[in-house]
Amino acid sequence: MKIFNRYIIRSVLTPTLFVLFLLVSLRALFAFIDVLDDVGKGEFTAMTGLTIVALSLPLWIVELLPMATLIGTVLGLGVLSSNSELTAMRAASVSPMRIGMATLRSALVLVFAGALISEFIVPRTSSMAEDVRLNAIAPDQLLHMRGTGVWMRSTQDYVFFRRVLPDDTAEQIYIMNFSTPLQLSRVTFAESARYEGDGQWLLSHGSQSDYDGEQVRTEKFELKTWNSDLAPDHLQLLQTKPEELSGAGLFSYRNYLLANGLDAGKYDLEFWRKVFQPLNLIAMVLAGIASVFGPLRTVTVSARILAGVAVGLAFHYSSQIFGPVSLVYDLPPIFGALMPPLIFMIGAVFLLRRAR
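If you read the sequence shown in full-length UniProt numbering, its first letter stands for residue 1, the second for the next number, and so on.
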């Protein structure tokens with residue numbers, strides 16, 4: 001049975017990796033055409049665009065892995081069926097359940113590889129791609145933030161950072177403290193700040209204004225310590241798309257937002273999507289098995305592939321729809337992340353039971 005399992009796994013993994021290569025290549029081609037619009041801005045060249053595309057490959061691999069898994073499973077089992085190998089296996093008393101379990105083992109390999117890429121490679125390469133783009137377009141501005149600044153909340157403080165630099169320093173910071181929700185009690189401004197660790201920022205060259213009724217007392221300072229639960233990582237996470245973050249980064253930033261009474265919906269949703277990512281691949285493998293042993297077992301391989309593409313697109317767009325809908329209607333984000341794979345798994349199991 002070990003030889004049988006290895007043969008099924010190889011028969012499914014080989015076309016899956018080939019399909020993934022084709023899908024990622026197409027995605028990279030269209031992305032390269034898009035980034036060519038930036039050629040000529042600052043020091044941005046075609047080579048810069050190629051670098052950005054190369055650094056974006058891990059993210060696209062994770063995004064396209066479910067669809068590639070479905071098409072690869074349909075293609076691999078479809079070829080075995082066309083060559084009458086599945087029929088021979090059935091004649092040798094190998095049940096469809098046994099074939100299905102061997103196929104699911106191939107999903108475990110993809111789950112493990114996808115989790116490693118998503119957790120450890122995508123956050124780093126996506127950040128590098130954005131840094132390459134910003135440094136090429138604006139080479140004289142070593143900004144690690146997009147836009148003209150950002151507002152953040154830290155317990156009773158509302159904080160504005162004009163710029164955050166790569167070395168854990170910031171420029172032009174305004175800290176507004178409220179004694180009550182509508183009562184401003186203190187405003188602190190600093191030309192620069194350096195994060196010292198353990199929740200401490202060292203403010204430099206600024207002023208502090210205290211508001212007491214109609215009186216305002218202003219004092220200037222050269223150096224001042226500010227204690228806050230904000231860290232440079234939080235600011236950089238804010239400027240990064242949720243899907244480009246690691247699971248640990250999403251969990252940390254989600255907890256920070258919730259602790260400060262802020263909306264963590266989109267980060268919560270993306271966190272649960274990463275948690276249920278293995279279910280996405282398992283659902284696609286089950287859908288592929290159902291297409292071979294279910295209603296499509298008598299059609300040609302090309303027809304099965306076309307059906308696999310259609311189902312893969314349906315799964316992709318349902319995942320994109322369920323998430324935002326759950327946020328709009330204040331449903332738990334776990335609902336938006338779990339429903340697409342659950343629906344497709346139930347549908348695949350239903351078709352397999354009917355085939356029996």
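Here a beta-carbon is modelled for each residue, glycine too, at the ideal position from N, C-alpha and C.
#1: Note the first and the last residue of the continuous beta strand (DSSP E) segment covering K224.
#2: What do you get for E219, buried or exposed, if any count of 16 or more other CB atoms within 10 angstroms of its CB means buried?
#3: Let me confirm a value: G265 is counted as buried when at least 16 other C-beta atoms fall within 10 Å, else exposed. Which label applies?
#4: Could you tell me whether the stretch 74-88 touches the stretch 12-24, where touching means 3 or more Cβ pairs closer than 8 Å?
#5: Exposed or buried, what is N177 when buried is set at 16 or more other beta-carbons lying within 10 Å of its beta-carbon?
#6: Contact between the stretch 113-122 and the stretch 18-33 is defined here as three or more beta-carbon pairs at a separation below 8 Å; is this criterion met?
#7: With V39 as the anchor, note down where its beta strand (DSSP E) starts and where it stops.
#8: What are the complete beta strand (DSSP E) segments, minimum 3 residues, inside the stretch 20-107?
#9: Can you give me the Cβ contacts of V299 inside the same chain, cut-off strictly under 6 Å, excluding the 5 residues immediately before and after it?
#10: With a threshold of 7 Å on Cβ separation, who are the neighbours of I137 within its own chain once the five nearest residues in sequence on each side are excluded?
#11: Kindly list the residues whose CB is nearer than 6 Å to the CB of R27, restricted to its own chain and excluding five residues on each side of it in sequence; keep chain order.
#12: Measure the C-alpha to C-alpha separation of A283 and V111 and round it to an integer number of angstroms.
#13: Assuming contact is defined by CB atoms lying nearer than 8 Å, are N5 and A102 in contact in what I supplied?
#14: How would you label E222, buried or exposed, when you count the other beta carbons within 10 angstroms and need 16 or more for buried?
#15: Give the straight-line distance between the Cα atoms of R186 and W151, rounded to the nearest whole angstrom.
#16: If I measure Cβ to Cβ from Q172 and keep anything under 6 Å in the same chain, skipping five residues before and after, which residues do I get?
#17: Where does V292 sit, in a helix, a strand or coil, going by DSSP?
#18: With which residues is Y195 paired in a DSSP beta bridge?
#19: With a CB to CB cut of under 7 Å and the five nearest residues on each side skipped, what residues in its chain are close to G308?
#20: Give me the Cα-Cα distance between V301 and L55, rounded to the nearest whole angstrom.
#21: Could you spell out where the beta strand (DSSP E) holding T169 opens and where it closes?
By the coordinates alone:
#1: Q215 to N227
#2: exposed
#3: buried
#4: yes
#5: buried
#6: no
#7: No beta strand (DSSP E) holds V39; DSSP gives it neither H nor E.
#8: none
#9: none
#10: D38, K41, G42 and F44
#11: W60
#12: 12 Å
#13: yes
#14: exposed
#15: 17 Å
#16: R162
#17: helix
#18: W201
#19: L70, I71, V74, G288 and S291
#20: 35 Å
#21: T169 to T180
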